[in-house]
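J.: One point on numbering: in my numbering, the residue at position 86 of the sequence shown is 91, and numbering is uninterrupted. For each residue, glycine too, the CB sits at the ideal point set by N, CA and C. Small disclaimer: the values here were computed from a predicted structure and weren't measured.
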Amino acid sequence: MAACKCEQSQESQYQQLQEVFDKYRNFKGALIPLLQEAQEIFGYLPGDVMKKISQEIGVPFSKTFGVATFYSQFHLKPRGRNIIRMCQGTACHVRGAAKVFDAVSTDLGVGRNESTEDLRYTLETVACLGACGLAPVMMVNDDTHGRLTPDKAVAIVKKYE
Numbered sequence: 006m007a008a009c010k011c012e013q014s015q016e017s018q019y020q021q022l023q024e025v026f027d028k029y030r031n032f033k034g035a036l037i038p039l040l041q042e043a044q045e046i047f048g049y050l051p052g053d054v055m056k057k058i059s060q061e062i063g064v065p066f067s068k069t070f071g072v073a074t075f076y077s078q079f080h081l082k083p084r085g086r087n088i089i090r091m092c093q094g095t096a097c098h099v100r101g102a103a104k105v106f107d108a109v110s111t112d113l114g115v116g117r118n119e120s121t122e123d124l125r126y127t128l129e130t131v132a133c134l135g136a137c138g139l140a141p142v143m144m145v146n147d148d149t150h151g152r153l154t155p156d157k158a159v160a161i162v163k164k165y166e
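If you want it as structure tokens, here you go:
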């Protein structure tokens with residue numbers, strides 16, 4: 006997943022976006038690929054970028070916004086460099102996932118699907134990570150961590166600072 010691209014200049018990002026428009030010019034069904042590549046450039050989908058996409062391919066903004074909000078792969082707010090996904094599936098729930106989530110949430114000072122002010126972390130919940138035997142489980146970026154306790158989860162997250 007793309008994280009915040011704050012280190013790039015806005016001018017550079019818009020130049021890249023123009024190159025993406027050129028790539029998909031006269032390409033039927035370009036909305037989703039355009040949104041994907043725009044998100045890769047900006048780290049999320051700012052409203053002005055979605056408006057520019059709508060104008061460029063001649064679709065109403067309502068359609069662009071509808072697609073961006075329908076698919077969970079798209080994000081309308083900046084996300085942290087480290088994406089923490091906390092499993093809330095049945096096995097994790099039964100083994101204390103709520104307490105693990107609460108500990109990480111409290112430590113970071115953010116709630117469900119929020120990012121820290123410094124954009125170091127985004128805390129998300131997911132229905133299942135597919136590692137039920139390791140419940141409760143979380144992923145930080147592409148790393149899976151299981152058999153968590155609240156203290157263990159907080160300690161793991163701190164390693165990603």
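At 4 residues or longer, what runs of the alpha helix (DSSP H) sit wholly inside the segment 26-72?
T.: Here the runs fully enclosed are 36-47, 52-62.
J.: Tell me where the alpha helix (DSSP H) around residue 109 begins and ends.
T.: Here the alpha helix (DSSP H) through residue 109 covers 102-113.
J.: Would you call the segment 128-147 and the segment 104-117 in contact, with 3 or more CB pairs under 8 Å?
T.: The segment 128-147, when compared against the segment 104-117, does touch it at the 8 Å Cβ threshold.
J.: Can you tell me whether DSSP reads residue 162 as helix, strand or coil?
T.: Note: residue 162 maps to helix in three-state DSSP.
J.: Under a three-way DSSP split, which group does residue 126 fall into?
T.: In the structure shown, residue 126 sits in a strand (DSSP, three-state: E or B).
J.: Using the Cα positions of residue 158 and residue 109, report the straight-line distance between them to the nearest angstrom.
T.: Their Cα atoms are separated by approximately 7 Å.
J.: Compute the Euclidean distance between the alpha carbons of residue 128 and residue 89, then round it to the nearest angstrom.
T.: Answer to the nearest angstrom: the Cα atoms are 5 Å apart.
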